[in-house]
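Working notes, structure below.
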Amino acid sequence: MTRQDLFEQIRQKKTYLCVGLDADLNRIPKHLLHLDDPIFEFNKQIIDATKDLCVAYKPNIAFYESLGSKGWRSLEKTLDYIPKEHFTIADAKRGDIGNTSRLYAKAFFETLNFDSVTVAPYMGIDSVSPFLEFDDKWVILLALTSNKGSQDFQFTKNTDGIKLYEQVLNTATKWGTADNLMFVVGATHPEKFVDIRSIIPEHFMLVPGIGAQGGDLQAVSKYGSNDHCGLLVNSSRGIIFASEGEDFAEKARAAASALQSQMSLVLKNQFDVTTT
Numbered sequence: 000m001t002r003q004d005l006f007e008q009i010r011q012k013k014t015y016l017c018v019g020l021d022a023d024l025n026r027i028p029k030h031l032l033h034l035d036d037p038i039f040e041f042n043k044q045i046i047d048a049t050k051d052l053c054v055a056y057k058p059n060i061a062f063y064e065s066l067g068s069k070g071w072r073s074l075e076k077t078l079d080y081i082p083k084e085h086f087t088i089a090d091a092k093r094g095d096i097g098n099t100s101r102l103y104a105k106a107f108f109e110t111l112n113f114d115s116v117t118v119a120p121y122m123g124i125d126s127v128s129p130f131l132e133f134d135d136k137w138v139i140l141l142a143l144t145s146n147k148g149s150q151d152f153q154f155t156k157n158t159d160g161i162k163l164y165e166q167v168l169n170t171a172t173k174w175g176t177a178d179n180l181m182f183v184v185g186a187t188h189p190e191k192f193v194d195i196r197s198i199i200p201e202h203f204m205l206v207p208g209i210g211a212q213g214g215d216l217q218a219v220s221k222y223g224s225n226d227h228c229g230l231l232v233n234s235s236r237g238i239i240f241a242s243e244g245e246d247f248a249e250k251a252r253a254a255a256s257a258l259q260s261q262m263s264l265v266l267k268n269q270f271d272v273t274t275t
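Shown next, in the form of structure tokens:
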């Protein structure tokens with residue numbers, strides 16, 4: 000999917016919502032557990048309930064690979080079920096020496112056919128560039144994450160006073176382009192979005208931390224948008240576990256709809272996207 004294709008989906012659906020499919024077997028409604036593949040059935044109902052309200056789905060790979068081969072089958076079935084117009088993100092946070100990264104890229108881009116994969120930048124260009132060699136695929140590079148531990152390293156300054164996450168942004172823009180490289184920027188750091196946009200004016204950002212982690216959608220939208228919206232705002236637990244009862248899909252839709260309504264107003268005001 001190209002950057003323009005993604006923006007067109009955002010315009011048509013009036014949303015830049017990404018739904019995180021963090022299908023935790025310990026939290027899936029109990030009435031599904033007797034099924035042969037409760038993970039897939041849970042994801043299927045979430046997708047059915049939200050597909051018109053979002054433009055992307057992001058399975059967190061840990062919830063699948065922790066279950067072994069059965070989990071991988073659930074992931075494959077989920078990917079096959081996601082409508083083709085949706086952008087798919089393998090939230091895998093991979094990154095290793097070049098030949099290993101090349102195989103990770105092959106796994107997610109060829110074997111599983113995701114549109115994108117999250118990648119850690121710590122090992123530098125030779126760990127990231129193999130992912131950028133695939134046509135029509137995206138690297139989503141960790142820059143400033145939403146978790147509490149982001150304070151441990153990401154705000155460390157070098158001798159020039161440049162923070163580590165800023166160095167990641169500045170350096171990585173030389174590795175890829177706005178057409179194949181996005182960045183993870185957490186919603187829990189809204190005050191940083193203006194400065195970040197000055198470094199990456201054209202790139203899309205994947206923004207976790209809305210909902211359960213307390214991120215502010217309005218602040219993210221105000222300070223993080225660019226001329227092509229430039230945002231994929233993710234919500235995982237706040238949507239998929241809005242209820243852990245038999246009404247989970249209905250409650251997930253309500254939670255997604257509330258976010259989509261806010262996003263629709265932002266798009267109308269910023270991009271003249273009609274809300275009717």
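Note that numbering that gives the first Met the number 0 numbers the sequence shown so that position 224 is 223, with each residue one more than the last.
Quick reminder that beta carbons are idealized off the backbone N, C-alpha and C, glycines included.
Per-residue burial, residue i [other beta carbons within 10 Å of its own, 16 or more giving buried]
i, result
"ILE161", "exposed"
"LEU5", "buried"
"ASP276", "The structure shown does not extend to residue 276, since the chain spans only 0 to 275, so no value can be given for it."
"ASN59", "buried"
"THR274", "Model confidence at THR274 stands at a pLDDT of 44, short of 50, so the residue's coordinates are unreliable and nothing is read from them."
"SER145", "buried"
"GLU64", "exposed"
"GLN150", "exposed"
"THR110", "exposed"
"LYS147", "exposed"
"LEU102", "exposed"
"VAL18", "buried"
"GLY214", "buried"
"PHE86", "buried"
"SER100", "buried"
"PHE247", "buried"
"GLY223", "buried"
"GLY70", "buried"
"GLN11", "exposed"
C-beta atoms of residue i and residue j nearer than 8 Å
i, j, result
"VAL265", "SER235", "no"
"PRO189", "ALA218", "yes"
"VAL183", "LEU163", "no"
"LEU180", "ALA186", "no"
"VAL154", "PHE133", "The question names Val, but residue 154 in the sequence shown is Phe. Not closer than 8 Å, so no."
"THR117", "ASP135", "no"
"ILE209", "GLY237", "yes"
"PHE203", "ARG2", "yes"
"ASP35", "SER73", "no"
"GLY94", "PRO129", "no"
"LEU52", "PHE41", "no"
"LEU20", "LYS76", "no"
Contact test: residue i Cβ vs the ligand MG heavy atom, cutoff 7 Å
i, result
"ILE60", "Summarising the ligand content, the structure contains no ligands, and the ligand MG is consequently not present."
Cβ shell of residue i (< 8 Å), same chain only, five flanking positions each side left out
i, result
"ILE96", "MET122, ASP125, SER126"
"SER157", "According to the sequence displayed, residue 157 carries Asn and not Ser. The residues are LEU163, GLN166."
"LEU296", "Only positions 0 to 275 of the chain appear in the structure, and residue 296 is not among them; the question remains open."
"SER256", "LEU52"
"ARG252", "ALA48, THR49, LEU52"
"LEU216", "ALA186, ILE209, VAL232, LEU258, GLN261, MET262"
Expected contact under 8 Å - CB spacing of residue i and residue j to nearest Å
i, j, result
"ILE139", "LEU168", "So it is not a contact: roughly 13 Å between Cβ atoms."
"ILE38", "ALA22", "5 Å"
"ASN225", "PRO207", "About 19 Å; that fails the 8 Å criterion."
7 Å Cβ shell around residue i - same chain, five flanking residues per side excluded
i, result
"TYR15", "ILE9, VAL54, CYS228, LEU230, LEU231, VAL232, MET262"
"LYS43", "TYR80"
"GLY254", "For clarity, residue 254 is Ala in the given sequence; the question names Gly instead. So the list reads GLY237, ILE238, ALA241, once near-sequence residues are dropped."
"ASN268", "none"
"GLU84", "GLN8"
Cβ of residue i within 8 Å of any chain B Cβ
i, result
"ASN25", "No chain B appears in the structure shown, which is made up of a single protein chain."
Spatial neighbours of residue i in its chain, beta-carbon cut-off 6 Å, leaving aside the 5 residues before and after
i, result
"MET0", "PHE86, ASP114"
If contact is defined by three or more beta carbon pairs under 8 Å, each pair taking one atom from either stretch, is the stretch 25-32 in contact with the stretch 224-234? Using a C-beta cut-off of 8 Å, the stretch 224-234 makes no contact with the stretch 25-32, since fewer than three inter-stretch Cβ pairs fall below that distance.
Report yes or no: do the stretch 46-57 and the stretch 76-83 share at least 3 C-beta pairs separated by less than 8 Å? In this structure the stretch 46-57 lies against the stretch 76-83, because at least three pairs of beta carbons, one per stretch, are closer than 8 Å.
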